[in-house]
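In the numbering used here, the protein residues as written are 879 to 1255. Idealized CB from N, CA, C, for every residue including glycine. Inspection log for the structure reproduced underneath, given as C-alpha cells.
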Ligand code: NAD
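See below:
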C-alpha cells in the first residue's frame, strides 16, 4: 500500500476556499508521512478564480485534470457581488459545481452530521435533546428527482397568469443504486472508526406522491439484501420535525434529491456551524474504486474571507472522507477524524465554534487550527 500513489485534483475556488484548502493539504501531507502514502496533489483554478485565469468557471484544463485524477478535493465557489452581467448558466455555482456533478455522474451525496460534547454550545437544541451527542449520516440522491425531471417549463398565458411546471421522476434503478449506498454505509459498523449503528431511515412522501410509493417499495426490496441493517420508513414532514425533536434516533437518513437538499441543511444547522460539516459526492464504484468530489457543506463565506478566521475543519474532514470512500484508507481516515477531535478536546476553537464562557477554550485562526490538527495526528 505504501508505494501506491493517489492522484488528487485540489480545486480551492473562491472566498475562504484557498484559506481552508491550504490547511487540508497540510493535513494530507502529514498523513502521507505518517502512513507512508503518496498523494500527488495538483491545484487548479475553479469558480471566479477559473474565470479570472482562463475565462471559464470550469476551465478546460481543470476539467482535464479532474478526469485523470482519482478524486477531487473541492473548496467553494461563488461571489454574489461579482459581475452581474455574467449570466447564471456561466456563473460558478452552475458552470463549475453542477457541471462537475453531471460530468462524473455523482449521484450520491453523503453528509456526516456529528456534534461532539465539547461543542454542545453551538447546537441550537437543548442539552437533553442532544443526548450523548449527535452522530448520523445523510445520504441524498443528487442527480434525479424534481431538479432534473422533464417537463420543466414556465408558460405565460398572456392574461397575467403564468404556470410553472417541475416534474419529480425516479426510475427503479436510480432508487436502487442510492439505496445500496445508504445500506452499505449503515453496515460500516466499527470499520476503523466509522461508528454507524446499522439502521436506515428512508424518507418519502408515500401518502401523497407516486414517487414516494415507488421509493418505499424499491428501498424495502433492496433492504432484504442487508439483513444486518434495520430499515424504517418516515414521511418527510415527520422527519423534519424529528430532526429537531430527537436527532439522536437517526443513524443513516436516505433521501431523494429535493427532500435531501432541505433535510441535510436542517441537519447541518444542528451542529451550529457550516465550518464543521464535510460532504462527499460519489459516483458508481468501478473495480472497487469510487470517484468522488469532496467539499465542505458551506460556501465561500464572503463575510469572513481573507481574514484567516474561517474554520478549516469542514475542508479537512472532507479530505478525510476522500481517504475513506475513494481510497479505502480506513486508518488514515480515522486518524484525521481523531486528530480533529483531539484538537477540539484540547480547547482549540475558531471564532464560529468559540464559547467565551468555556475556560478551556482558546480562540485561534485558520492556520493555527490546521497546525493544531497536524500536531494531533
Ligand atoms: P456560506 O456558506 O458561504 O456562508 C454562510 C455563513 O456561514 C456565513 O456567516 C459564513 O461566514 C459562515 N461559514 C461558512 N463556512 C464557514 C467556515 N468554514 N468557517 C466559519 N464560518 C463559516 O453561504 P452564503 O453566504 O449563502 O453564500 C456565499 C457564496 O457561496 C454564494 O456565492 C453561494 O452561491 C456560494 N456557495 C457555494 C457553495 C459551494 O461551492 N459548494 C455552497 C454554498 C454556497
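Residue i Cβ short of 7 Å to ligand 1 heavy atom set
i, result
"residue 1221", "no"
"residue 918", "no"
"residue 1165", "no"
"residue 1189", "yes"
"residue 1138", "no"
"residue 958", "yes"
"residue 1000", "no"
"residue 1181", "yes"
"residue 1270", "A query on residue 1270 cannot be resolved here, the shown segment of the chain reaching from 879 to 1255 and no further."
"residue 1032", "no"
"residue 1079", "no"
"residue 932", "no"
"residue 906", "no"
"residue 1150", "no"
"residue 1192", "yes"
"residue 1184", "no"
"residue 1156", "no"
"residue 971", "yes"
"residue 988", "no"
"residue 954", "yes"
"residue 978", "no"
"residue 965", "no"
"residue 993", "no"
"residue 898", "yes"
"residue 894", "yes"
"residue 975", "yes"
"residue 940", "no"
"residue 901", "no"
"residue 928", "no"
"residue 1178", "yes"
Residue i - DSSP class collapsed to helix/strand/coil
i, result
"residue 1032", "strand"
"residue 913", "helix"
"residue 1048", "coil"
"residue 1002", "coil"
"residue 983", "coil"
"residue 934", "coil"
"residue 1252", "helix"
"residue 880", "Legend: pLDDT at residue 880 = 47, less than 50; position of this residue unreliable, value from coordinates given subsequently. In the structure shown, residue 880 sits in coil (DSSP, three-state: anything other than H, G, I, E or B)."
"residue 1193", "helix"
"residue 1225", "coil"
"residue 1075", "coil"
"residue 895", "helix"
"residue 1099", "helix"
"residue 956", "coil"
"residue 1207", "coil"
"residue 1198", "helix"
"residue 1063", "helix"
"residue 1118", "helix"
Residues that DSSP places opposite residue i in a beta bridge
i, result
"residue 1082", "1113"
"residue 1019", "986"
"residue 948", "Note: residue 948 sits in no beta bridge, so no partner."
"residue 1094", "Answer by DSSP bridge pairing: none, since residue 1094 is not bridged."
"residue 991", "1014"
"residue 963", "In the DSSP output, where bridge partners are listed per residue, residue 963 has none listed."
"residue 939", "Paired residues: none, contrary to the question."
"residue 885", "918"
"residue 1043", "1031"
"residue 1240", "1226"
"residue 838", "As shown, the chain starts at 879 and ends at 1255. That puts residue 838 outside it, with no answer to give."
"residue 927", "Bridge partners of residue 927: none, in fact."
"residue 1108", "1077"
Whether residue i touches residue j by CB criterion (8 Å)
i, j, result
"residue 1161", "residue 936", "no"
"residue 908", "residue 951", "no"
"residue 991", "residue 1130", "no"
"residue 1177", "residue 1230", "no"
"residue 1179", "residue 1146", "no"
"residue 1247", "residue 1221", "yes"
"residue 1045", "residue 1030", "yes"
"residue 1219", "residue 1242", "no"
"residue 1244", "residue 1190", "yes"
"residue 1108", "residue 1077", "yes"
"residue 1080", "residue 1132", "yes"
"residue 976", "residue 1135", "no"
"residue 1142", "residue 979", "no"
"residue 1121", "residue 1144", "yes"
"residue 933", "residue 895", "no"
"residue 1209", "residue 913", "yes"
"residue 1061", "residue 1100", "yes"
"residue 949", "residue 903", "no"
Give the list of continuous beta strand (DSSP E) stretches no shorter than 3 residues that lie fully inside the segment 1133 to 1188.
Taking 3 residues as the shortest admissible run, the segment 1133 to 1188 contains the following complete beta strand (DSSP E) segments, listed from N- to C-terminal end: 1156 to 1164, 1167 to 1174.
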